[in-house]
Amino acid sequence: MTRYLNLYWYFLIQRLKVLMEYRISFILGASSTIVWQASSIAAVWIVMQKVPSLNGWNYDEVLLVYGLVTLAKSINHMFADNLWTLGRIYIRSGGFDRFLVRPIDPLFHLLADRFCQDGVGNFLVGIALVIKSSLTLGIDWTPSKLLVLIVGVVSGGLIFIALNLITCVSAFWIVDSVPVTRLVFDNHLFAQYPLSIYPKAIGILLTWVIPYGFASFYPASYVLNREVGNIAWFGPFVAAFLLFIGYRFWQFGLKYYSGTGT
Amino acid sequence: MIQTARRNLSVYSSILAMIPKQFMAYQLWFWIGLVLNVISMAILVYFWRAIYADTSTISGLAQNQTINYILLAFIFMPLTSNDLIWEFGSNLREGTIIHHLLRPINFQGMNYAQMLGGLVTRLILQIPMAVVAVLIFGLRFPTNLSTWLAFILSALLGFTVMFFFNWFLACFTFYTTEIWGLGVLVDGMSFFLSGALVPLVMMPEWIRNIVLSIPFAQALAVPVGLLTGITPLSDAPHVWFIQILWILGMWIVSTLFFRVAVRKVTVQGG
């Protein structure tokens, strides 16, 4: 374990050296995500000047939900973005074979190979939204609320990673896994708003099938003293379960991997 | 002997298996793209329904009017495409811009024709999405012919405004040779500034003033406003007139900038 941590650190330093060589691209990449988020948030702000609430959630409560899912997404974006490019960049070019002959876990190698700077923008947006909304709402931070918040973001991030892992394994068969991953990933957009605004079926989908709800809606509900019950604490178990499935599926896919002949 | 045959068989069969994999990937993209758009539309529709839960009108717009506007703006989003910037970028990177500039046809005219072709193709590809919007989300297209004509003219004018505006922006790539960042940044800004997310009438005045003094809205919010009836049909001539002024202004600015910038062409090899 310490060996992998050291290795990750080493990979990260190398990656940052590369990024510093292209400083303009680094800054543009990180700020592009900020511009996109700013567009959506500006729209919510404008609309919520006109009405008091979104299904009983005021503007700052909506921002908290939005901020939490953005934070969870940024964890995935920064540390696991390579799951998107497994097929396009590594398998198609044959570069993936390089990982297989090295004495470290190929999945670890894939993830550590590229820290994605664009995720930093999302991280900053998420932090800013959570701090802004909790100050305006005057949230009384009890230890259990703080714990739910942190656990929610971390397990939310792991749920993002696990779902991308499960879907990216399709690259071993169809090479380009991006469409499959997008199909699942884009559902996180539902979790930018309180799940209670959607029909029941979508709420169930985002809780039990593609459980992005554990990144935002459930921890936010708990922190805001809304009735959610014990489900606010389920996030880590859901994340662990999905990661287990994801890793097993990855190993299964790896067994069938045969390269593209490039 | 048998071993060689078996080896050959496995080699050739995996090469053969590659082709359906590639083919499937394109097919897959089309259908998955449709599902992704349905997800986006669902979020927009449920968001706006929740916004309208306790009120019947916002800034004079009823719920169905607003949702109609938002869905139509989503469907006609290709009007704001900035493909031209990417096209310039790849021409520059691969050096093909030299050949284009030397050809005996107008470079700008050639690009305009290309972009118009791209627009038509993209709009045709939006049809399945529009069908879903009608069937599931209750989108209502206007049935009035003159509304459609007013919209089509305004959309063409707006598209032309964006063409010259993108031409202007693309000239910066001659200096920076950085395309990706510029493209993504413009994309992100136009997402809001085109009026795709909120009808212009709901915006506070100072924001609306900013939005209307930048070209993006001319290509989306303005024509879709006519199509949904938020802008009355009697205002159409006035709308067209302003769009024509925009075209003239952007045409002059972008042509002048291009003349200066093209001397800076530094092709990155190729």
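Same order as they appear, the protein sequences are chains A and F.
Just so we're aligned, residue 78 is where the first sequence starts under our numbering, counting upward by one.
Just so we're aligned, residue 588 is where the second sequence starts under our numbering, counting upward by one.
No residue lacks a Cβ here, since even glycine has one placed at the ideal position from N, Cα and C.
- Flagged as an interface residue toward chain A: T642 of chain F, by a C-beta distance shorter than 8 angstroms.
- Bounds of the alpha helix (DSSP H) holding D670 of chain F are 670 to 681.
- The beta carbons of A737 of chain F and L807 of chain F sit no closer together than 8 angstroms.
- Residue A:I111 holds the alpha-carbon nearest to the alpha-carbon of L206 of chain A among A:I308, A:A309, A:I111.
- Restricting attention to A:F156, A:R100, A:L226, A:N199, the CA atom closest to the CA of L184 of chain A is found in A:F156.
- Taking a 10 Å sphere around the C-beta of G725 of chain F, we find fewer than 16 other C-beta atoms and assign the residue as exposed.
- For chain A, the residues of the stretch 793 to 806 of chain F that bring a beta carbon within less than 8 angstroms of one of its beta carbons are I794, in chain order.
- Taken atom to atom, the span from the alpha-carbon of H686 of chain F to that of L659 of chain F is near 39 angstroms.
- Membership of P220 of chain A in the alpha helix (DSSP H) is indicated by the continuous run 220 to 245.
- For I638 of chain F, the chain A residues whose C-beta falls within less than 7 angstroms of its own C-beta are V124, V128, L131, listed in chain order.
- Non-local C-beta neighbours of R709 of chain F in its own chain, meaning closer than 8 angstroms and more than five positions away in sequence, comprise P665, S668, ordered along the chain.
- The CB of F661 of chain F never comes closer than 8 angstroms to any CB in chain A; the least such distance is about 13 angstroms.
- Linking F661 of chain F to T653 of chain F through their CA atoms gives a straight-line distance of about 12 angstroms.
- Ranked by how close their Cα comes to the Cα of G323 of chain A, the residues A:P256, A:I238, A:I274 have A:I238 in first place.
- H825 of chain F sits exposed, since fewer than 16 C-beta atoms from the chains shown fall within 10 Å of its C-beta.
- Cβ contact annotation for H154 of chain A (same chain, cutoff 7 angstroms, sequence separation greater than five): C193, D195, G196, N199, in chain order.
- In the displayed model, I181 of chain A falls within coil according to three-state DSSP, outside both helix and strand.
- Listed in chain order, the positions of the stretch 187 to 212 of chain A with a beta carbon within less than 7 angstroms of a beta carbon of chain F would be empty, since no residue qualifies.
- Going by C-alpha positions, L319 of chain A is about 52 angstroms away from T734 of chain F.
- Scanning chain A for C-beta atoms nearer than 7 angstroms to the C-beta of I626 of chain F yields D263, N264, L266, reported in chain order.
- Separation of I817 of chain F and M837 of chain F (C-alpha to C-alpha, rounded to the nearest whole angstrom) is 26 angstroms.
- Shown here, A649 of chain F sits in a strand according to DSSP, grouped into three states.
- Look at the beta carbons and you see the stretch 263 to 281 of chain A touching the stretch 623 to 639 of chain F: at least three pairs across the two are nearer than 8 angstroms.
- Looking at F:V840, F:S781, F:P715, F:Y699, the one whose alpha-carbon comes closest to that of I801 of chain F is F:S781.
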